[in-house]
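Residue numbers (the numbering used here): 8 to 290.
The beta-carbon is built from N, C-alpha and C at its ideal position, and this holds for glycine as well.
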């Protein structure tokens with residue numbers, strides 16, 4: 008039996024569509040209108056292709072064209088596409104991404120709300136596993152500094168070492184790490200954008216996590232992937248952490264307006280490397 012187009016698990020990417028989306032994303036990140044050459048350079052699309060796509064997008068009112076200045080900016084027509092999402096529950100919008108991550112990494116994916124009282128509350132969870140799996144109850148609450156999410160939170164807070172030690176001493180773990188190991192994990196999370204908890208918060212569970220932030224850099228959501236110890240090899244757990252970070256960055260951009268490349272530049276600086284002159288640094 009041949010598969011229909013919507014059943015194809017490995018669909019061919021349509022270049023024109025991918026280029027158009029890249030152009031729209033570029034314009035959405037720009038603080039002022041830009042000409043074709045600037046947009047083409049930012050997206051990596053050839054100038055001639057970029058011009059034709061921009062002209063089409065302008066006809067569809069997704070892009071506004073200034074005939075006098077010969078510049079483009081994101082158009083009002085984009086709102087027409089986004090209206091069904093305005094006011095939607097954030098967890099509902101994020102759930103398809105959680106399902107994707109759960110399926111690819113064979114883990115329970117949890118979405119945590121970061122509260123003003125320094126707690127994280129479980130607001131959604133997804134598991135696509137068909138066999139033995141771990142689970143957590145909606146509404147579960149934990150201190151913000153504990154576990155894998157906690158290491159990411161501590162990295163974002165960037166507290167003095169003495170204050171971090173006070174927060175650490177108040178935490179409860181089933182197999183507590185030493186403060187030195189915890190502090191080293193926090194530093195690594197600051198560089199990498201994700202962290203792990205390997206059987207310390209809960210014995211027998213391995214957790215990877217990353218944080219979603221708003222445009223002011225405040226932590227808003229945590230995303231964690233949880234599996235039973237030994238189900239994933241170390242390489243797979245590392246890949247999970249990287250994917251969680253990339254998804255958290257994308258959600259930060261889509262829901263909270265974090266400029267593309269900003270968090271990546273911050274991580275390079277935390278690692279003692281110069282920030283690149285890329286998309287995030289030029290805006």
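Quiz item: Who are residue 193's beta bridge partners in DSSP?
Solution: Residue 193 is bridged by DSSP to nothing; it lacks a bridge partner.
Quiz prompt | Beta carbon of residue 247 nearer than 8 Å to that of residue 112 | solution = Yes; because the gap between Cβ atoms is below 8 Å, this pair is in contact.
Quiz item: Opposite residue 203 in the DSSP bridges: which residues?
Solution: The partner list for residue 203 (beta bridge, DSSP) reads 215.
Exercise. Please determine, among 261, 76 and 152, the residue with the shortest C-alpha to C-alpha distance to residue 125.
Key: Selected option, being the one with the closest Cα: 152.
Quiz item: By how many angstroms is the C-alpha of residue 199 removed from the C-alpha of residue 162?
Solution: Distance between residue 162 and residue 199, taken at the CA atoms: about 10 Å.
Quiz item: Taking just the CA atoms, how far does residue 132 sit from residue 121?
Solution: Residue 121 and residue 132: Cα-Cα distance of roughly 15 Å.
Quiz item: Going along the chain, which residues of its own chain have a beta-carbon closer than 8 Å to the beta-carbon of residue 168, five neighbours each way excluded?
Solution: Within the same chain, residue 168 has close Cβ partners 190.
Quiz item: Do three or more CB pairs link the stretch 243 to 261 to the stretch 208 to 226 at distances below 8 Å?
Solution: By the criterion of at least three beta-carbon pairs nearer than 8 Å, the stretch 243 to 261 is in contact with the stretch 208 to 226.
Quiz item: From the DSSP output, which residues share a beta bridge with residue 232?
Solution: Residue 232 is bridged by DSSP to 116 and 215.
Practice problem: State buried or exposed for residue 25, treating a residue as buried only when at least 16 other CB atoms are found within 10 Å of its CB. | Solution: It counts as exposed.
Quiz item: If you draw a straight line from the alpha carbon of residue 235 to that of residue 207, how long is it in whole angstroms?
Solution: Roughly 13 Å between the two C-alpha positions.
Exercise. Give me the Cα-Cα distance between residue 67 and residue 109, rounded to the nearest whole angstrom.
Key: When only Cα atoms are considered, residue 67 and residue 109 end up about 36 Å apart.
Self-check item: Contacts around residue 20, its chain only, beta-carbon distance under 8 Å, and the 5 residues preceding and following it disregarded
Solution: So the list is empty, once near-sequence residues are dropped.
Quiz item: Counting Cβ pairs closer than 8 Å, one from the stretch 27 to 39 and one from the stretch 64 to 84, do we hit at least three?
Solution: Flag = yes, the stretch 27 to 39 and the stretch 64 to 84 touch.
Quiz item: What are the start and end residues of the alpha helix (DSSP H) that includes residue 72?
Solution: Where residue 72 is concerned, there is no enclosing alpha helix (DSSP H), although the beta strand (DSSP E) around it starts and stops at 70 to 73.
Quiz item: Secondary structure at residue 15, three-state DSSP: helix, strand or coil?
Solution: Residue placement at residue 15 is flagged as unreliable, the pLDDT there being 45, under the threshold of 50; the coordinate-derived value follows with that caveat. Residue 15 carries a coil assignment under DSSP once its states are collapsed to helix, strand and coil.
Quiz item: Based on the DSSP output, what are the partners of residue 81 in its beta bridges?
Solution: 70, per the DSSP bridge assignment.
Quiz item: What number of angstroms, rounded off, separates the C-alpha of residue 31 from the C-alpha of residue 71?
Solution: Residue 71 has its alpha-carbon roughly 11 Å from the corresponding atom of residue 31.
Quiz item: So what does DSSP say about residue 186, is it helix, strand or coil?
Solution: Helix.
Quiz item: Under the rule that 16 or more other beta-carbon atoms within 10 Å means buried, what is residue 23, buried or exposed?
Solution: Result: exposed.
Self-check item: Closest residue to residue 146 among 114, 129 and 187 (Cα-Cα distance)
Solution: With distances taken between Cα atoms, residue 146 lies closest to 129.
Quiz item: If you draw a straight line from the C-alpha of residue 52 to the C-alpha of residue 45, how long is it?
Solution: Distance between the alpha carbons of residue 52 and residue 45 is about 10 Å.
Exercise. Within 10 angstroms of the Cβ of residue 50, are there 16 or more other Cβ atoms? Answer buried if so, exposed if not.
Key: Around the beta carbon of residue 50, 16 or more other beta carbons sit within 10 angstroms, so the residue counts as buried.
Quiz item: With burial defined as no fewer than 16 other Cβ atoms inside 10 Å of the residue's Cβ, what is the status of residue 115: buried or exposed?
Solution: The C-beta of residue 115 has 16 or more other C-beta atoms within 10 Å across all chains shown, which makes the residue buried.
Quiz item: Of all the options 225, 69, 231 and 263, which has the alpha carbon lying nearest to the alpha carbon of residue 141?
Solution: For residue 141, the closest C-alpha among the options 225, 69, 231 and 263 is that of 231.
Quiz item: What are the boundary residues of the alpha helix (DSSP H) that residue 30 is part of?
Solution: First-last of the alpha helix (DSSP H) with residue 30: 22 to 36.
Exercise. Might you give, ordered along the chain, the residues of its own chain that have their beta carbon closer than 7 Å to the beta carbon of residue 69, omitting 5 neighbours on each side?
Key: Closer than 7 Å at Cβ, skipping near neighbours: 31, 82, 84 and 85.
Practice problem: Could you check what DSSP says for residue 220 in three-state terms: helix, strand or coil? | Solution: In this structure, residue 220 counts as strand in the three-state DSSP scheme.
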